[in-house]
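One structure is given here, and the rest of the page talks about it.
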Amino acid sequence: MIRTLIADDHEMFRDLLHLAIETQPDLEIIGESGDGHGTLELAERLLPDVVLLDYKMPQVRSFEGLVREIHGVCPATRVVVLSGFASVEIAEKAVMGGASGYVLKEARLRAVFDALRAVAGGGIWVDPALPRKIFDLFQTGAAMARGQKNGMSALSRREREVLGCVAQGSSNRDIAARLCVSEQTVKTHLTRIFAKLEVDNRVEAALAFYGREAGSEAGPTTAA
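In the working numbering, the protein residues as written are 45 to 268.
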């Protein structure tokens, strides 16, 4: 069974989705939420396979950040964005957060079923009515996520410590003092980290860390 959490602030829409999804023998609704705080709380407690996440809900300061936080509390959970708008901006935020799908609210229910099955199986799903550029964004995001996952597993314990400091916005000097090493050693670690994660700078490295490790947004960073 594909265990699904519905997150949308329109109760009638949630009810309709719930009734429709429950007609499918391989799909199950395990919870519903109408705001960002409740969604994160339920995701952490219920550990769904997929979260159907409305783009605009109360108590959501950053949509991209919420998607990351969901991955932080339940890394195996996949996120499918629900929106009434076909927007490249929404797609970019969704992909940066680590979402795996984008479904328009005007789509047929069959599209929702297909999206749930596709992302639960490890793929991506983008509504066919959306522009090709949005599909390309999700495809690129999936490829980057695979590379970052492999890269994260290749990091040494010390490299993970350095990356964690970078993700918190620490400078090379601060990291050196904290880990009792020289600034040159920190720079050497960063060069190796960038290579393993296949990223070009501290911001991308921090995004990789938060996307796979902590699920929060990266703070301000400085040049390497």
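Even for Gly, the Cβ is constructed at its ideal location relative to N, Cα and C.
- In this structure, the beta-carbon distance from Met101 to Gly78 falls below 8 angstroms.
- For Leu174, no beta strand (DSSP E) encloses it, and the DSSP letter there is neither H nor E.
- Residue state for Ser215 is assigned as coil, using DSSP reduced to three classes.
- A Cβ-Cβ contact shorter than 8 angstroms links Val124 with Val163.
- Contact check between the segment 57 to 68 and the segment 80 to 88: fewer than three CB pairs, one atom from each, fall below 8 angstroms, which does not count as touching.
- For Ile168, there is no enclosing alpha helix (DSSP H), as DSSP gives it neither H nor E.
- In terms of Cβ geometry, Ala51 and Val117 do not form a close pair [threshold 8 angstroms].
- A straight-line Cα-Cα distance of about 24 angstroms links Ser144 and Phe238.
- Rounded to the nearest angstrom, the Cβ distance from Val132 to Ile65 is 28 angstroms, too far for a contact under 8 angstroms.
- Bounds of any alpha helix (DSSP H) do not take in Asp52, whose DSSP letter is neither H nor E.
- Shown here, Arg152 sits in coil according to DSSP, grouped into three states, outside any helix or strand.
- In this structure, DSSP gives Glu203 a helical state, which the three-state scheme calls helix.
- Under the three-state reduction of DSSP, Asp98 is assigned to strand.
- By the 16-neighbour rule on beta-carbons within 10 angstroms, Asn216 is buried.
- Counting other Cβ atoms within 10 Å of its Cβ, Thr184 stays below 16 and is therefore classed as exposed.
- Here Lys240 really is in contact with Gly195; their C-beta atoms are around 4 angstroms apart, less than 8 angstroms.
- Annotation: the continuous beta strand (DSSP E) that includes Arg122 extends over 122 to 127.
- Annotation for Gly109: no beta strand (DSSP E) segment contains it, though the alpha helix (DSSP H) segment containing it runs 107 to 117.
- With 16 or more other Cβ atoms inside 10 Å of its own Cβ, Phe253 counts as buried.
- Assigned with DSSP and collapsed to three states, Ser197 falls in helix.
- Taken atom to atom, the span from the alpha-carbon of Ala249 to that of Val156 is near 33 angstroms.
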